[in-house]
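Protein chains in written order, with our numbering: chain U, 4 to 214; chain A, 4 to 214; chain D, 4 to 214. Accompanying notes for the structure given below.
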Amino acid sequence: MNFSLQSFLYIGDLLGVAVFAISGALAAGRKSLDWLGVFVIAVVTAVGGGTIRDMLLGRQPVFWIDNPEYLYVIFAATLFTLFYSRYNKPPLKSLLVADAFGLALFAIIGARIAEQAGSEWIIVVILGTMTGVAGGIIRDVLTNEIPLILRRDFYATAAISGILLYIGLLSAGFNASIAAFSGMILIAGLRLAAIFKGLRLPVFQLPDEPS
Amino acid sequence: MNFSLQSFLYIGDLLGVAVFAISGALAAGRKSLDWLGVFVIAVVTAVGGGTIRDMLLGRQPVFWIDNPEYLYVIFAATLFTLFYSRYNKPPLKSLLVADAFGLALFAIIGARIAEQAGSEWIIVVILGTMTGVAGGIIRDVLTNEIPLILRRDFYATAAISGILLYIGLLSAGFNASIAAFSGMILIAGLRLAAIFKGLRLPVFQLPDEPS
Amino acid sequence: MNFSLQSFLYIGDLLGVAVFAISGALAAGRKSLDWLGVFVIAVVTAVGGGTIRDMLLGRQPVFWIDNPEYLYVIFAATLFTLFYSRYNKPPLKSLLVADAFGLALFAIIGARIAEQAGSEWIIVVILGTMTGVAGGIIRDVLTNEIPLILRRDFYATAAISGILLYIGLLSAGFNASIAAFSGMILIAGLRLAAIFKGLRLPVFQLPDEPS
């Protein structure tokens, strides 16, 4: 990986962590958790995906244990959310847009890590997607919701599409920066289309009968 | 492990993965998830138990990361379920029977792995049972149900009984194939008795008061 | 770590495991799980926190796999709960008090392990807290509750306060035993104040609107 892509991904990763922490803190607020609960949900939303990826690959201690700056960013973002929300309505649309870029970064970073561990393409897709979406799934499980991502959002699908583009460009001989940025742009673009145009996948609907 | 048992377990493992993926996809359909959500639930149901076993033992990367054929099987089984269910009612009773054999295979495979890692018998029982049932538990948590397995099914109990038989026969000097097949037959038999005869464990019932 | 602290922590750890197993079994009873489900919930409540800590740090196989006495203690405690509860009302207040001491032990033991793995102070706080509270969180997720700990209890906060005191005393040059006992006393004391005096954190309350 060349140096500028590396630096960009690191900065982007910290920004993504901040955005995901805010989304976790807001979800916790809708469930009336206490302050500590808000921090817990913010932490798992922000680092949950990367943590599961690292544990599956055997990259332990997991990434944030040797890089506590992730946790400082999460704490700062959560404190900011707690105080900002006392006086203002949260700007949900802007957060969704920020979240689209967070997802793009996390998914491609996760895909790169899986790829550099020598995984096959389908594993790269799965671990990259998981890095992007697992934090939000744990957030929804802890706040007792069926994960939104699984229900009706064009979310993991956006991540998968971008990772496939990234893998395709790499195999076609493009360099890592071009492949990574193209993948990220596709992910963010698809998410923005989903947010502003209502792009969705078909639903699989069975009658809710006893199994 | 002799070669024919090994081959049998590998084929059986892939079949078990397919059955568990179908059961996950059908559970997702009862909750109206979108197609991607259906795939996610199918994957975690099928590989969740073995993944947790591998992470507890430190066998990483976990099994499916270096064997992507598990994921191809899951994708094929899920696609088949999506298309089959458009035109037909799912054959729930047949699936329960298939699931009984999937459980038998997963539990004994998990027990063998724990045993070959040198674990004591109680750990062999727990890791084998977990390999068989944890995927279904995660499926139920993600679809916001109290895991069925914990509530009223003679399910984990069947796995435990079969693993105990397997361990007992091994200690009595029987060879691995006989012990493994006997354990699997007991598990599948107990499950079939539970499905067709309503075999159950007693329930522990406390009043639902504030703690 | 000097020998007497080590022995004390080991005995305390087993007692903490028993108390947490009982709390898990009672939660399972309030949801009418069958006996096996009760055991499962007891096990995850008792060893869940330490298991996640070990997986995050890469200390595998996780602690109970090579120390099956933890599971024997859990089984004994669960059986005791099942039989005791047939004839008696569970003494919930006494259990909360026992739980306060269990939390104190688990949190400080987890913090010591993280510290001896060379982690920075913030990671020591997080892994220690997680060792104390994650079991209860998994228990609540499996029984389909929003984790109580996140909602309104002065629980994780007590653990964090005690771990910070422990770290502070260590850096100030006190020996490990004094630091560990002081941390445990603060955790148990804060929990008892929460139980008997209603000590709480402020709640973060947002309207429950669609995001």
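In this text, a Cβ means the ideal position worked out from N, Cα and C, and glycines have one as well.
Spatially closest choice to asparagine 70 (chain U) from D:Gly138, D:Gly121, D:Tyr13, by CA coordinates: Selected option, being the one with the closest Cα: D:Gly121.
Could you give the uninterrupted runs of the beta strand (DSSP E) lying entirely in the stretch 71-132 of chain A, keeping only those of 3 residues or more? Restricted to the stretch 71-132 of chain A, not a single beta strand (DSSP E) segment is unbroken, complete and at least 3 residues in length.
Report the option in U:Ala49, U:Ala31, U:Val47, U:Asn147 whose CA atom is closest to the CA atom of valine 41 (chain U). Of the listed residues, the one whose Cα sits closest to valine 41 (chain U) is U:Ala31.
From which residue to which residue does the alpha helix (DSSP H) around tyrosine 169 (chain D) run? That run of the alpha helix (DSSP H) goes 159-174.
Taking all protein chains shown into account, decide if glutamine 63 (chain D) is buried (16 or more other Cβ within 10 angstroms of its Cβ) or exposed. So glutamine 63 (chain D) ends up on the buried side.
Local Cβ density within 10 Å of proline 94 (chain A), reported as buried at 16 or more and exposed below that: With fewer than 16 Cβ atoms within 10 Å of its Cβ, proline 94 (chain A) is classed as exposed.
Between the beta-carbon of isoleucine 116 (chain D) and the beta-carbon of glycine 186 (chain D), is there less than 8 Å? Glycine 186 (chain D) is positioned such that its CB atom lies no closer than 8 Å to that of isoleucine 116 (chain D).
Of all Cβ atoms in chain U, is any one closer than 8 Å to the Cβ of methionine 133 (chain A)? Cβ-Cβ to chain U under 8 Å: no for methionine 133 (chain A).
Euclidean distance between Cα positions of glycine 27 (chain D) and glycine 52 (chain A): In this structure, the straight-line span from the alpha carbon of glycine 27 (chain D) to that of glycine 52 (chain A) is close to 21 Å.
Aspartate 69 (chain A) - DSSP class collapsed to helix/strand/coil: The answer is coil: DSSP assigns aspartate 69 (chain A) none of H, G, I, E or B.
Can you give me the C-alpha to C-alpha distance between alanine 197 (chain D) and leucine 36 (chain U), rounded to a whole angstrom? The alpha-carbon atoms of alanine 197 (chain D) and leucine 36 (chain U) are separated by roughly 17 Å.
Per DSSP, what are the beta-bridge partners of aspartate 2 (chain A) in this structure? One cannot answer for residue 2 (chain A) here, as it falls past the ends of chain A, which runs 4 to 214.
I need the straight-line Cα distance from leucine 85 (chain U) to isoleucine 140 (chain U), nearest angstrom please. For the pair leucine 85 (chain U) and isoleucine 140 (chain U), the Cα-to-Cα distance works out to about 22 Å.
Within a Cβ cutoff of 7 Å, which residues of the same chain sit near serine 88 (chain D), ignoring the five residues on either side of it in sequence? Within the same chain, serine 88 (chain D) has close Cβ partners Gly32.
Beta-carbon proximity of threonine 134 (chain U) to phenylalanine 109 (chain U), cut-off 8 Å: Result yes, Cβ atoms of threonine 134 (chain U) and phenylalanine 109 (chain U) sit closer than 8 Å.
Alpha carbon to alpha carbon, what distance is there between leucine 82 (chain A) and tyrosine 75 (chain A)? Distance between the alpha carbons of tyrosine 75 (chain A) and leucine 82 (chain A): 11 Å.
Please classify glycine 176 (chain A) as buried or exposed, where buried requires at least 16 neighbouring CB atoms within 10 angstroms. The residue in question, glycine 176 (chain A), is exposed, as its Cβ has fewer than 16 Cβ neighbours within 10 Å.
If you check the beta carbons only, do leucine 195 (chain U) and valine 100 (chain U) fall under 8 Å apart? The Cβ atoms of leucine 195 (chain U) and valine 100 (chain U) lie closer than 8 Å to each other.
Count the other CB atoms within 10 Å of the CB of glutamate 118 (chain A); is the residue buried (16 or more) or exposed (fewer)? Classification for glutamate 118 (chain A): buried.
To be precise: take each residue of the stretch 10-38 of chain D, compare its Cβ to all Cβ atoms of chain U, and keep it if any distance is under 8 Å. Which residues remain? Cβ proximity to chain U below 8 Å picks out nothing from the stretch 10-38 of chain D.
Tell me where the alpha helix (DSSP H) around glycine 192 (chain D) begins and ends. Residues 179-200.
Show which residues of chain D have a CB atom less than 7 Å away from the CB atom of valine 71 (chain U). Per the sequence presented here, residue 71 (chain U) reads as proline, with valine not at that position. Per Cβ cutoff of 7 Å: Glu123, Ile125, Ile126.
Around the C-beta of serine 97 (chain U), are 16 or more other C-beta atoms found within 10 angstroms, so that it is buried, or is it exposed? Looking at its Cβ environment, which holds fewer than 16 other Cβ atoms inside 10 Å, serine 97 (chain U) is exposed.
Any beta carbon of chain D sitting closer than 8 Å to that of asparagine 147 (chain U)? Yes - at least one Cβ of chain D is within 8 Å of the one on asparagine 147 (chain U).
Check each residue of the stretch 50-61 of chain U: if its Cβ is closer than 8 Å to any Cβ of chain A, include it; give the result in chain order. Within the stretch 50-61 of chain U, the qualifying residues are Met58, Leu59, Leu60, Gly61.
Test: serine 88 (chain U) CB closer than 8 Å to a CB of chain D: Chain D places a beta carbon closer than 8 Å to that of serine 88 (chain U), counting this residue as a contact.
Which same chain residues end up closer than 7 Å to leucine 8 (chain D) when comparing Cβ atoms and leaving out the 5 residues on each side of it in sequence? Only Ala179, Ser180, Ala183 meet the Cβ criterion.
Report the residue from A:Ile44, A:Glu72, A:Ala114, A:Ile25 whose alpha carbon sits nearest the alpha carbon of isoleucine 190 (chain A). Closest option to isoleucine 190 (chain A), Cα to Cα, is A:Ala114.
Starting from the Cα of alanine 159 (chain U), find the closest Cα among U:Glu148, U:Phe23, U:Gly131, U:Val20 and give me that residue. Distances from the CA of alanine 159 (chain U) to each of U:Glu148, U:Phe23, U:Gly131, U:Val20 were compared; the closest alpha carbon is that of U:Gly131.
For the putative contact between valine 60 (chain U) and threonine 54 (chain A), defined by C-beta atoms under 8 Å, what is the C-beta separation to the nearest angstrom? A quick correction: the sequence has leucine, not valine, at residue 60 (chain U). No, leucine 60 (chain U) and threonine 54 (chain A) are not in contact; Cβ-Cβ is about 12 Å, not under 8 Å.
Going by C-alpha to C-alpha distance, which of D:Leu18, D:Lys200, D:Trp67, D:Arg142 sits closest to isoleucine 44 (chain D)? Taking only the C-alpha atoms, the option nearest isoleucine 44 (chain D) is D:Arg142.
Might you give, ordered along the chain, the residues of its own chain that have their beta carbon closer than 7 Å to the beta carbon of glycine 15 (chain U), omitting 5 neighbours on each side? Excluding positions up to five away in sequence, the list reads Leu108.
Check whether the Cβ atoms of threonine 146 (chain U) and isoleucine 149 (chain D) lie closer than 8 Å to each other. Contact flag set, yes.
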